[in-house]
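S.K.: Under the numbering used here, read the sequence shown as residues 71 to 266, first letter to last. Every residue gets a Cβ at the ideal spot worked out from N, C-alpha and C, and that includes glycine. Remember, it's a predicted structure, so these values are computed and weren't measured experimentally. Have a look at this one before I ask anything.
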Amino acid sequence: MSITVVLYSHDSVGLGHARRNRALAHALAADLPRLTGQPVRGLLIAGHPDATADSLPPGWDWLVLPGFTRTAEGYASRNLDVSNGRLTALRSSTAAAAIKAMSPDLFIADRHPFGVDEELLDSLKWLRSQGTRCVLGMREVLDSPAAARAEWDRIGGASAAAEFYHAVWVYGDPSVYNPITSGEIPAPLATRTRFT
Numbered sequence: 071m072s073i074t075v076v077l078y079s080h081d082s083v084g085l086g087h088a089r090r091n092r093a094l095a096h097a098l099a100a101d102l103p104r105l106t107g108q109p110v111r112g113l114l115i116a117g118h119p120d121a122t123a124d125s126l127p128p129g130w131d132w133l134v135l136p137g138f139t140r141t142a143e144g145y146a147s148r149n150l151d152v153s154n155g156r157l158t159a160l161r162s163s164t165a166a167a168a169i170k171a172m173s174p175d176l177f178i179a180d181r182h183p184f185g186v187d188e189e190l191l192d193s194l195k196w197l198r199s200q201g202t203r204c205v206l207g208m209r210e211v212l213d214s215p216a217a218a219r220a221e222w223d224r225i226g227g228a229s230a231a232a233e234f235y236h237a238v239w240v241y242g243d244p245s246v247y248n249p250i251t252s253g254e255i256p257a258p259l260a261t262r263t264r265f266t
């Protein structure tokens, strides 16, 4: 038996999210077998083809979704000549099929709890029905507190994310910067937050 992990990053701007997930994959592959006595395998779902240039631990691989890019108006297809709605549907169904096929013990999403245009929502509902542990990974500085609050409001508030995520991992030192005290991570998620 092995522990199965799926990590997701939407990667609409660059490779920062995918690189964080890659570093996390290496850490999990090194530490979980020692802690649990079980091997670990995993899949990284990314939205930028250049993400695959970086190596992964043995037993891990990449799934690259057709890409979104960030524009002044929101999101747009990076290359594929389809509407945003069709691109979201394609990304959502592809990610859902992979997540169901992997049937992970642990799911980690980087920064955006529901992905682009809620593309992860169906997958999160399925993961919840399976009892999968879900973690929202966050960098320590998200944005200005006002911008972070507006972003939480756009997705239905932190309580909406709390319905699906068991924990929030902040990749940083709270003595340097604490997104809980700044208000960037709201109260419904504060008690679930751990600094790594």
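Using 7 Å as the cut-off, classify the Cβ of residue 137 as near or not near the heavy atoms of the ligand HEM, replying yes or no.
M.R.: Looking at this structure, you won't find the ligand HEM or any other ligand, since it has none at all.
S.K.: Hey, how far is the Cα of residue 187 from the Cα of residue 131?
M.R.: Distance between the alpha carbons of residue 187 and residue 131: 25 Å.
S.K.: Give the list of continuous beta strand (DSSP E) stretches no shorter than 3 residues that lie fully inside the stretch 108-174.
M.R.: As far as the stretch 108-174 is concerned, its whole beta strand (DSSP E) runs of at least 3 residues are 110-116, 130-134, 138-141 and 144-147.
S.K.: By Cβ distance, which residues of its chain are closer than 7 Å to residue 96, with the 5 residues on each side in sequence left out?
M.R.: Excluding positions up to five away in sequence, the list reads 127.
S.K.: Which same chain residues end up closer than 7 Å to residue 170 when comparing Cβ atoms and leaving out the 5 residues on each side of it in sequence?
M.R.: Cβ neighbours of residue 170 beyond the five flanking positions: 196.
S.K.: Express the C-alpha separation of residue 202 and residue 179 in angstroms, rounding to a whole number.
M.R.: C-alpha separation (whole angstroms): 13 Å.
S.K.: Which full runs of the beta strand (DSSP E) of 3+ residues lie inside the stretch 176-253, going along the chain?
M.R.: Segments of the beta strand (DSSP E) lying fully in the stretch 176-253: 176-180, 203-209 and 237-241.
S.K.: Do the stretch 101-120 and the stretch 137-147 touch if we need at least three Cβ pairs shorter than 8 Å?
M.R.: Flag = yes, the stretch 101-120 and the stretch 137-147 touch.
S.K.: Does the count of Cβ pairs from the stretch 251-266 and the stretch 216-232 closer than 8 Å reach three?
M.R.: Yes: at least three Cβ pairs fall under 8 Å.
S.K.: Bridge partners for residue 255 per DSSP, in chain order?
M.R.: Residue 255 is not bridged to any residue.
S.K.: With DSSP run on the structure shown, which of helix, strand or coil describes residue 264?
M.R.: Residue 264 falls in the strand class under three-state DSSP.
S.K.: Going by other Cβ atoms of all chains shown within 10 Å of its Cβ, with 16 needed for buried, is residue 215 buried or exposed?
M.R.: Label assigned to residue 215: exposed.
S.K.: Expressed to the nearest angstrom, what Euclidean distance is found between the alpha-carbon atoms of residue 241 and residue 208?
M.R.: Distance between the alpha carbons of residue 241 and residue 208 is about 6 Å.
S.K.: Given this structure, state the Cα-to-Cα distance separating residue 161 from residue 83, to the nearest angstrom.
M.R.: Approximately 16 Å, taken between the alpha carbons.
S.K.: Compare the beta carbon distance of residue 48 and residue 76 with 8 Å and say whether it is the shorter of the two.
M.R.: Absent from the model: residue 48. The displayed extent of the chain is 71 to 266, so no value can be given.
S.K.: Assuming residue 206 and residue 238 are in contact, meaning their beta carbons sit under 8 Å apart, how far apart are those beta carbons, in whole angstroms?
M.R.: The Cβ separation is near 5 Å, so the contact holds.
S.K.: So what's residue 284 in DSSP terms, helix, strand or just coil?
M.R.: The structure shown does not extend to residue 284, since the chain is modelled only from 71 through 266, so no value can be given for it.
S.K.: Just to confirm, are residue 167 and residue 113 a CB contact at a threshold of 8 Å?
M.R.: Contact flag unset, no.
S.K.: Quick check on residue 105: does DSSP put it in helix, strand or coil?
M.R.: Three-state result, residue 105: helix.
S.K.: Run through DSSP, which three-state label would residue 94 get?
M.R.: Helix at residue 94.
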